[in-house]
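All the letters of the sequence shown, read from the start, carry residue numbers 2 to 355 under my numbering. Even for Gly, the Cβ is constructed at its ideal location relative to N, Cα and C. Note that the coordinates shown come from a computational prediction; the quantities given were computed from them, not determined experimentally. Contents: one structure, followed by commentary.
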Amino acid sequence: MDHHNFHGKNIPHIELKPNMKIEDVVEVFAQSGYNGRQLGEAAKLYAKMIDDGATICLTIAGAMTPVGFGGIFKTLIERGFVDWIITTGANVYHEDHFAHKLPVKQGHFDVDDMVLYEKGIVRIRDVYIDFEKTMKAEDKIMQNMFKEKFIDKSFTSAELCNFIGKITKEKAKNPEKSFLASAYKYDVPVYISTIGDSSIAMNLAVHRLRGKEYNFDFVKELLEQAAILYNSKKSGILELGGGVPKNTAQQTGPTLDQILDREDGGQDYIIQITDARPDTGGLSGATLQEGKSWGKVQDAHEDVVTVYADATIAFPILALYAISTQKKRKPKRIFKDLDKFYKKLQSDYLNNKK
């Protein structure tokens, strides 16, 4: 699309009214400029992804569940607006606190961490987690959970998270406060992109020292993720932050095209909410347009939106807009189809190589 002309929409003199709904607020953003406009356009693109029946991946960087956002993820899963997830291990580990009624509290960012350490308080910015009542209690839950599970057999992080969701749903005090439990119920695969960089893996260490081995099959996991894209008519990503979850979802295109010699072209839609700069060369700030050069996205100009904002501010607005304007979708139940998707990709690849 050629933007080198004076044919754009008129910017209105915006008025705010007491009875405005989230749809009206998003329209205000979309009619304005800068990152407000980008947020408005991102919200509308997410609605389009849902309406088009796209297979939607949610990527979650950092630690978003300690601020309660697991409840938003849960709602999107239950409405069929998220079909698979790639996250950090922190989001899985800390989400489990809520399901087991382990305390997580608002604290403060301007503190002396030497004092907090002496008092047994762990800090994530302005969120406080009790070392004994929460962290150690969660560690015991995790260690008991995996004491006899996933030993001496290969597994993916999707299988591991599905098991966590199952146990949480069946045994936690508040299973309704777990997006993992909902992911299990609706067969939404949840992948941990860097499982070794998390308390989940740390809690496997006690069993490893007792001679029990855990064989994480990261190559199968990578192929499963590519197979989800391969078996989807339309596919999109909603990225909260950047990091490894972002690239893990986006590399599905290059896995198919660069490695498996296909010409699929990558994702149809990508929304990125990030506060990272693109000029440092880091992945978190890499533009979606740059991703086109790798074959991560179909089009560098259409159906890609980057919002430069704190995800804790922008994401609830985008999510509420979708919840308010879009009808529930039938769950795709991808977890149950992973083996079928994998075998389809495998068969086509081997047949093409003959």
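Assigned secondary structure, residue i (DSSP; H/G/I helix, E/B strand, else coil)
i, result
"residue 107", "strand"
"residue 155", "strand"
"residue 215", "coil"
"residue 35", "helix"
"residue 241", "strand"
"residue 30", "helix"
"residue 15", "coil"
"residue 164", "helix"
"residue 198", "coil"
"residue 346", "helix"
"residue 81", "coil"
"residue 140", "helix"
"residue 66", "helix"
"residue 320", "helix"
"residue 263", "coil"
"residue 6", "coil"
"residue 116", "helix"
"residue 292", "helix"
"residue 146", "helix"
"residue 281", "coil"
"residue 252", "coil"
"residue 178", "helix"
"residue 303", "coil"
"residue 223", "helix"
"residue 184", "helix"
"residue 286", "coil"
"residue 210", "coil"
One or two residues paired with residue i in a DSSP bridge
i, result
"residue 236", "56"
"residue 308", "274"
"residue 130", "105 and 123"
"residue 327", "Per DSSP, none; premise fails for residue 327."
"residue 268", "298"
"residue 192", "87"
"residue 335", "Residue 335 is not bridged to any residue."
"residue 61", "88 and 241"
C-beta contact flag for residue i and residue j at 8 Å
i, j, result
"residue 176", "residue 170", "yes"
"residue 254", "residue 244", "no"
"residue 152", "residue 214", "yes"
"residue 88", "residue 57", "no"
"residue 332", "residue 73", "no"
"residue 198", "residue 155", "no"
"residue 207", "residue 144", "yes"
"residue 80", "residue 330", "yes"
"residue 37", "residue 12", "no"
"residue 55", "residue 322", "no"
"residue 90", "residue 202", "yes"
"residue 287", "residue 257", "no"
"residue 274", "residue 312", "yes"
"residue 84", "residue 108", "no"
"residue 25", "residue 235", "no"
"residue 121", "residue 110", "no"
"residue 78", "residue 189", "yes"
"residue 237", "residue 265", "no"
"residue 297", "residue 251", "yes"
"residue 180", "residue 69", "no"
"residue 129", "residue 102", "no"
"residue 358", "residue 86", "No answer is possible for residue 358: it lies beyond the span of the chain, which begins at 2 and ends at 355."
"residue 225", "residue 157", "yes"
"residue 310", "residue 17", "no"
"residue 173", "residue 100", "yes"
Cβ-based burial, residue i [other Cβ within 10 Å; buried from 16]
i, result
"residue 95", "buried"
"residue 98", "buried"
"residue 51", "buried"
"residue 210", "exposed"
"residue 193", "buried"
"residue 283", "exposed"
"residue 115", "exposed"
"residue 247", "buried"
"residue 30", "buried"
"residue 240", "buried"
"residue 104", "exposed"
"residue 336", "buried"
"residue 19", "exposed"
"residue 142", "buried"
"residue 161", "buried"
"residue 347", "exposed"
Residue i Cβ short of 7 Å to the ligand NAP heavy atom set
i, result
"residue 81", "As far as ligands go, the structure on display features none, and thus does not contain the ligand NAP."
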